[in-house]
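A short write-up of the structure that comes next.
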Amino acid sequence: MLKVSTATVSITPTKEYLPCYVSGNALRTEKTDRIHDELECSVLVIQTGGQTMIWGVLDLIFVDLALSSKIRRALSETYHAPYENIVLAGIHTHSGPEISEVNAFGMEGYVAEPGYRDFLMDKCMEATARCYDQGFTEATPYIQTLMIDGLYGNRNGIDKPSDKSVTILKFRDKEGRIVAGCVNLSCHPTLNDPLSMELSGDLFGYLSRGIQSRWGVSPLMLQGACGDMGNRQYRQGAGFDEIARVGDGILKQIDENASPEEAVALDNAKVVPYHYHDEYDRDMEAIRAELEADEKRLEAETDFDQRKLLICGLAFMKQKAATPHVVNEFDASIIRLGDLEICQIPAELFSCLGLQIKNASRAKHAIIWGYTNDDYGYLVEDAEYDNCYEGRSTSIRRGEPERLTKELAALMAGTV
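Going by this note's numbering, the letters in the sequence shown line up with residues 9 to 424, in that order.
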């Protein structure tokens, strides 16, 4: 027997935490108190086969390790759920409030407003408490899938490998009503104007509201392997009109093209842990040469999008120049739930790597869930390392994403 409960609360900064900095790029240096749309935290609790899973998704760029660990420990102690069964993730909007204690671009002082991180923890606890207070509903899970066409793809080249798949998980009660659900797709929510000072959930927030209007309940929006996925090659503007255009297009394709609902078994729950570790010394001479070259490129560049990438990339390059020795370490896992397997990883996988991991699964359905419990940056395929912003900005050295992909694929396949 499977039972579920879900709840959604607002995490929009209240007046105590406004004005605040906006996370997501190095171009915005002022604080804002402008809010375009409500930011939310949705929690889903699944009880199956004597196991409890607690999943939470926040309309933020990510939830860093220190904060996610604190919340997960509190949830584990309060509800007696295994720590590894609790997953918190961001949707990766680049228009949300800054939530970090250390700015990702190394911009000193550009951090979360005092108290906002505690506010987020309280809201995660509140949403979970609501799930338990309102009780659990016996439900049957169903899955639908489709491929999105013509709205987004590999943002580094329209003909490069991409993952445009969407997986929809619905839980229906005995009367057939949708009582909870999740939607998994891979696309950077960077459709808003990068200079916008209005807080927003961007594309994923828009999709969540559209799906909620259809289902009567807010879905958990699970971001996939979107390291190189976005709408850059399909863009017809930047801002809220573009978010609506793409969002409505995705919703229309879901309505019209999703496969028939397939009843699935989400049983025999098991979490298979994976720990990644690597350390190395940087080639500082090469770093300094690349930094100098990018600074010269920025002086000559006139295209806005390219200037944005160069400014953000230079911020990461300066951090690299200050850290000659690198230690990369994080935890991921494979969540096995009968007909569904989930690779949850605190990183931005390139889509081709995510596809390799998903394709290794023996389950009927497999998804990548990125930005879980932290965000360790881009995992870039070898062939693209020297050609893109993601390769310049990541701290993961060349070749390591392939090793990690092979190891996670082996776990998905159950061969190790």
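For every residue, glycine included, the Cβ atom is placed at its ideal position computed from N, Cα and C.
Values in this document were obtained by computation on a predicted structure and should not be read as measured data.
Restricting attention to VAL110, ALA112, ILE54, PRO105, the CA atom closest to the CA of ASN93 is found in ILE54. Using a Cβ distance threshold of 9 Å, HIS196 and CYS234 count as a contacting pair. LEU10 is the residue among LEU10, ARG370, ASP157 whose C-alpha sits nearest the C-alpha of ASP181.
Non-local beta-carbon contacts of GLN142 in its own chain, meaning distances under 8 Å to residues more than five positions away in sequence, involve SER13, ALA15 in chain order. Between ASN265 and MET155, the gap from beta carbon to beta carbon is short of 9 Å. A straight line joining the alpha-carbon of GLU309 with that of ARG217 spans about 38 Å. Bounds of the alpha helix (DSSP H) holding CYS320 are 312-329. Taking 3 residues as the minimum length, the beta strand (DSSP E) runs contained wholly in the stretch 38-67 are 48-56, 59-66, in order along the chain. By the 16-neighbour rule on beta-carbons within 10 angstroms, THR22 is exposed. Of LEU73, VAL388, ARG305, the smallest CA-CA separation from GLU410 is found for VAL388. In the structure shown, SER108 adopts coil according to DSSP, grouped into three states. Counting along the chain, ARG253 sits inside the alpha helix (DSSP H) bounded by residues 248-265. Around the beta carbon of GLN231, 16 or more other beta carbons sit within 10 angstroms, so the residue counts as buried. In the DSSP secondary-structure assignment, ASN336 is bridged to ASP286. Note on geometry: alpha-carbon atoms of ASP302 and ALA391 lie some 20 Å from one another. Within the same chain, ASP382 come within 6 Å of LEU73 by CB-CB distance, once the 5 residues on both sides are set aside. Per DSSP, the unbroken beta strand (DSSP E) holding CYS351 starts and ends at 348-353. Contact check for GLY247 against ASN200 passes: the beta carbons are separated by less than 9 Å. Between the alpha carbons of LEU26 and ASN33 lies a gap of roughly 19 Å.
CA-to-CA, the gap between GLY422 and ILE365 works out to about 12 Å. Following the DSSP letters along the chain, one finds PHE179 inside the beta strand (DSSP E) bounded by residues 173-180. Beta bridge pairing from DSSP links LEU306 with no other residue. With respect to LEU52, GLY64 sits close: the two C-beta atoms are nearer than 9 Å.
Comparing alpha-carbon positions, the option among GLY161, ASP256, TYR118, ALA147 lying closest to CYS360 turns out to be GLY161. Rounded to whole angstroms, the separation of the alpha carbons of ALA294 and GLU300 is 10 Å. Per DSSP, the continuous beta strand (DSSP E) segment holding SER13 begins and ends at 10-18. Around the Cβ of ARG125, a 10 Å sphere holds 16 or more other Cβ atoms; the residue is buried. For ILE151, the CB contacts under 6 Å within the same chain, skipping 5 residues up- and downstream, are LEU177, GLU270, VAL272, HIS373 in chain order.
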